[in-house]
Amino acid sequence: MLQLTSTQPRRVVIAGGGVAAVETLLALRAAPGGHLLEIAVIAPGSELVYRPLAVAEPFGRPLTRRYDLRAICADLGATLVPEALTGVAADRRALGGDGASLPYDALVLATGARSEVALPHAATFGDAESDGVQWIVRELEEGLLRTIAFVVPPGAGWPLPLYELALQMSRRAWAVGASDVRLTLVTPEEGPLAVFRGTGSRAVGRLLAGAGIELISGSYGRDYDGEEVVLTPGDRRLQADRVVALPRLRGPALAGVPCDADGFIRIDEHSRVPGLPGVWAVGDATTSPIKQGGLATQQADAVAAAIARGPGSFRPVDAAPPTLRAMLMTGADPLYLTATLASGGASSASRDCPWWPPHKIAARHLAPYLADRSPLMPAHQH
Ligand SMILES: Cc1cc2nc3c(=O)[nH]c(=O)nc-3n(C[C@H](O)[C@H](O)[C@H](O)COP(=O)(O)OP(=O)(O)OC[C@H]3O[C@@H](n4cnc5c(N)ncnc54)[C@H](O)[C@@H]3O)c2cc1C
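Following this line, the structure appears as structure tokens:
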């Protein structure tokens, strides 16, 4: 059995209660000697929110899943500190509200991103914010709309949910006999879900074309006055009775933690925070350009392996190049996409899920763990 020495990490603090934080906790406990670590999770909420299913809510399908974070921490032998992290002190203390502090040997920042409205007058889709889109679905069903635009703003982090909303809207339009409603998706990407360059992106392009959704790529929806969206470059005007937009993401801007102009935590290629020994950051809170749950969990796994390796220096682990795995909900059978994010990496698209369990967030530890747990009942179903 592993013996802890004075240079081995004893106290690990994980800040955050989301996908990346819980994957870090699970990966630490699964690592050799991980059961010996003293782990505290500092997070303001008592629920782990699984957001990818929120795209089905406006269409009357299952609600965003929530899991009891307190029960998860208890199950994994971690202490839940119900507070928001406010910053990090140079003497290895994680700071909470009211001057409280948690000393750590290793600290993992997984506090996620904040959402901001990117396009005023549009229905912004984001956390617990599907009401506006639900309203648009109702107007579509009542035959009140002729044109709907879907706008990916710069800094959205992960554009896939908007594609899912557009595809499901198209299907609903056909179902209610409103197939003449014009749907347009505007995105700064070079092509359809361009991060899956090649095979994956072409498959998404075919899906959009088959659903009658016009794609305007390489374009920004700058202003919306309730009737037209102004697109740049070119100042083209797109008529739109309603617009659905993703929010712009901002980082947590924690005191004492180096961050970029938008508040995202700076990290190196091993997710270490420069200038803060023993501190890592993972997931949407970081400067990583793609804010995706699956990628966040791969970062978390590599960080957990480095922490568990100890002693002291927390040697980084040579992780495989990150792989993007996405389930695109279409309103019918989903499309499964993968891409290797190394230079020249290939992508694929298939109707069969290439990973197991077939969760929207493909995570080594979290996906099988959540498959065995019951989500909390939504308040109105109690
Ligand atoms: C509609 C939608 C659909 C998506 N679909 C997919 C998908 O299909 N597949 C996929 O892989 N990804 C998807 N994503 C992205 C995915 O949800 C995120 O990338 C993922 O949740 C990021 O995990 P995270 O732990 O970094 O952040 P979060 O999941 O946002 O968790 C952050 C946690 O930190 C806590 N926190 C915040 N501030 C503090 C603080 N100061 N101190 C302590 N704790 C704090 C929060 O309460 C929360 O618990 C989707 C996102 C959205 C919005």
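Going by the working numbering, the sequence shown opens with residue 1367, and the numbers climb by one from there. Quick reminder that beta carbons are idealized off the backbone N, C-alpha and C, glycines included.
Identity of the residue in the options nearest residue i by Cα
i     : options                       : result
R1417 : Q1658, I1380, D1628 and D1699 : Q1658
D1601 : Y1586, D1718, S1714 and E1423 : Y1586
L1461 : L1703, A1708 and A1621        : A1621
R1458 : G1711, A1708, L1642 and S1716 : L1642
G1629 : A1479, G1711 and A1539        : A1479
R1538 : S1714, G1400, V1499 and E1507 : E1507
G1492 : S1467, F1425, P1527 and T1553 : P1527
M1743 : S1481, L1414, A1569 and A1466 : L1414
A1466 : V1474, A1450, A1476 and V1648 : A1450
A1666 : L1475, L1446 and I1631        : L1475
R1427 : C1625, H1725, P1734 and G1697 : G1697
T1477 : V1385, E1423, D1626 and A1455 : V1385
Own chain, CB closer than 7 Å to residue i, minus 5 neighbours either side, in chain order
i     : result
L1391 : I1380, I1405, V1407, L1442 and A1444
H1731 : E1389, L1392, A1393 and A1396
R1431 : Y1416, L1419 and P1741
L1485 : V1517, P1519, G1587, Y1590, V1609 and A1611
H1748 : Its pLDDT being 43, under 50, H1748 is placed unreliably in this model, and the value from its coordinates should be taken loosely. Within the same chain, H1748 has no close Cβ partners at all.
W1721 : R1691 and A1728
E1530 : V1421, L1694 and M1695
H1746 : At H1746 the pLDDT is 49, less than 50, meaning the model places this residue with poor confidence; the figure from the coordinates comes in the next sentence. None.
P1469 : R1377, R1458 and R1459
G1453 : L1461, L1620, A1621, G1622 and V1623
G1400 : L1394 and A1674
Residue i Cβ short of 6 Å to ligand 1 heavy atom set
i     : result
W1721 : no
G1543 : no
G1498 : no
L1451 : yes
R1417 : yes
W1501 : no
T1477 : yes
S1557 : Checking the sequence, you will find Gly at residue 1557 rather than Ser. Answer for G1557: no, Cβ out of range of ligand 1.
I1656 : no
G1465 : no
G1649 : yes
W1540 : no
I1727 : yes
G1382 : yes
A1409 : yes
G1564 : no
G1462 : no
A1420 : yes
W1646 : no
G1521 : no
P1762 : Outside the shown range of the chain (1367 to 1748) lies residue 1762, about which nothing can therefore be said.
G1622 : no
A1662 : yes
G1600 : no
G1659 : yes
Cut-off 6 Å between Cβ atoms - residues of its own chain near residue i, not counting five sequence neighbours on either side
i     : result
R1366 : Lying before the first or after the last residue shown, residue 1366 is absent from the chain, which here runs from 1367 to 1748.
A1577 : L1533 and S1536
L1736 : none
E1555 : S1583
A1685 : A1668
S1654 : none
S1567 : G1557, P1558, L1559 and A1560
Q1664 : P1688
A1522 : L1612
G1498 : A1489
Near ligand 3: residue i beta-carbon under 6 Å from a heavy atom
i     : result
V1385 : Of the ligands one can find in the structure shown, namely ligand 1, none is ligand 3.
Extent of the continuous alpha helix (DSSP H) to which residue i belongs
i     : result
D1497 : D1497 to E1507
A1387 : V1385 to A1396
V1570 : T1565 to G1576
Y1529 : L1526 to A1541
T1663 : G1659 to R1675
D1441 : L1435 to D1441
P1734 : L1732 to A1737
Opening and closing residue of the beta strand (DSSP E) in which residue i lies
i     : result
Q1605 : R1602 to Q1605
I1631 : Note, I1631: premise wrong, no beta strand (DSSP E); not H, not E.
R1548 : R1548 to V1552
R1480 : R1480 to E1482
W1646 : V1645 to A1647
L1559 : Note, L1559: premise wrong, no beta strand (DSSP E); not H, not E.
F1425 : Run containing F1425: none; DSSP gives neither H nor E here.
S1716 : S1713 to S1716
8 Å CB neighbourhood of residue i in its chain, flanking five on each side removed
i     : result
L1511 : I1502, E1505, A1544, V1547, D1607 and R1608
H1487 : Y1590, D1591, G1592 and V1609
S1716 : L1701 and Y1702
L1597 : V1552, I1582, S1585, Y1586, G1587, R1588, R1603 and L1604
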